[in-house]
Structure formats: structure tokens, C-alpha cells
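Sequential numbering from 319 applies to the sequence shown in our numbering. Just so you know, even glycine gets a beta-carbon here, dropped at the ideal spot from N, CA and C. Accompanying notes for the structure given below.
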Amino acid sequence: DTTKSRAGRRQIGLPDELCALLRTHKTRQDAERLRAGQLWTASEAWIFATETGEAINPSTDRGHWKALLVAAGVRDGRLHDARHTAATVLLFLGVSERMIMGVMGWSNVAMIHRYAHMIDPIRKDIADRLGDLLWGA
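Pasting the structure below:
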């Protein structure tokens, strides 16, 4: 749909495994389109849609998200919280601030400070690297 800023419209790289899952999803969605026939109402090419091609209702999406969290055995959270997780994972991987901004669609570095959190594994990595620098591997 629309984005809040130009930075929101961007290309990103996806892991090969995710691309394969999306191709499988598209194949299933194409089958749904055929089954729906004239009932298929999509005016947009939604990646995730109802069985008749309509946009998913946000409350339905929220319900699926909550069920996924329960099934995964992780703490409850909002779907928006996944953006914090994504930014923190990128920080953990050592991705530069500029690249994090590009992936997340941010035009202001302050967003990194808001979303990417200093977590214990990052602190440990910094301590280990500092130890290696000072005392050798």
C-alpha cells in the first residue's frame, strides 16, 4: 500500500529459504485464485490475502500472530514488536547503522536507537572482541 516516507519503499535482500517459502505460498495462492474463480476480488496483488484475494483484516492478522507466539512458546507481544527484534538482530549481526536504516526503511539514525536494543549476547561479543584485541586469541 502506501508508506510514511520515501525510505519506506525499498528493495531488500531475502534469504534463499524465505524466497522458497514465498514461492510455495504463491503457488498455493494461485490455486486459491483458481478455486475462487469469480469470487476472487483482489484489486491489489496482496502477498498475503484471504481465500478470495482480499486484504487480511488487521484483527485476523493479530489473532494469527498471537497464536504463532503461543505455538512458538515465546512471550506475548505485538506484531510491531517484531520490528524491534529485527533491528536488534541486525545490530547483533554487526550490520552497519546505514545498512540497518536501509533494510528497516528509516531515514533517521535516531530510529536505530529507538528500535535496536543492546542485549547480553551483543555485550558478550564486544567483551570477547576487546579481550582478543588486548590479550590475543
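Could you give the C-beta distance for GLY371 and ARG351, rounded to a whole number, given that I count them as a contact under 8 Å?
-> The C-beta distance from GLY371 to ARG351 rounds to 7 Å, short enough to meet the 8 Å contact threshold.
Does the beta-carbon distance from HIS435 to HIS402 come in below 8 Å?
-> Yes; because the gap between Cβ atoms is below 8 Å, this pair is in contact.
Smallest Cα separation from LEU411: which of THR345, ILE440, TRP453?
-> Looking at the Cα atoms, ILE440 is the closest of the given residues.
Would the beta-carbon of MET422 fall within 8 Å of that of ALA405?
-> Note that the C-beta distance between MET422 and ALA405 is below 8 Å.
According to DSSP, residues forming a beta bridge with ALA367 | DSSP output for ALA367 lists ALA373 as bridge partner(s).
Is it right to say LEU386 is buried, meaning 16 or more other beta carbons lie within 10 angstroms of its own, or is it exposed?
-> Residue burial is scored here from C-beta neighbours: LEU386 has fewer than 16 other C-beta atoms within 10 angstroms and is therefore classed as exposed.
Quick one: Cα of TRP453 to Cα of VAL427, how far?
-> Distance between the alpha carbons of TRP453 and VAL427 is about 34 Å.
Where do the N-terminal and C-terminal ends of the alpha helix (DSSP H) with MET417 fall, by residue?
-> MET417: member of the alpha helix (DSSP H) spanning 415–422, first to last residue.
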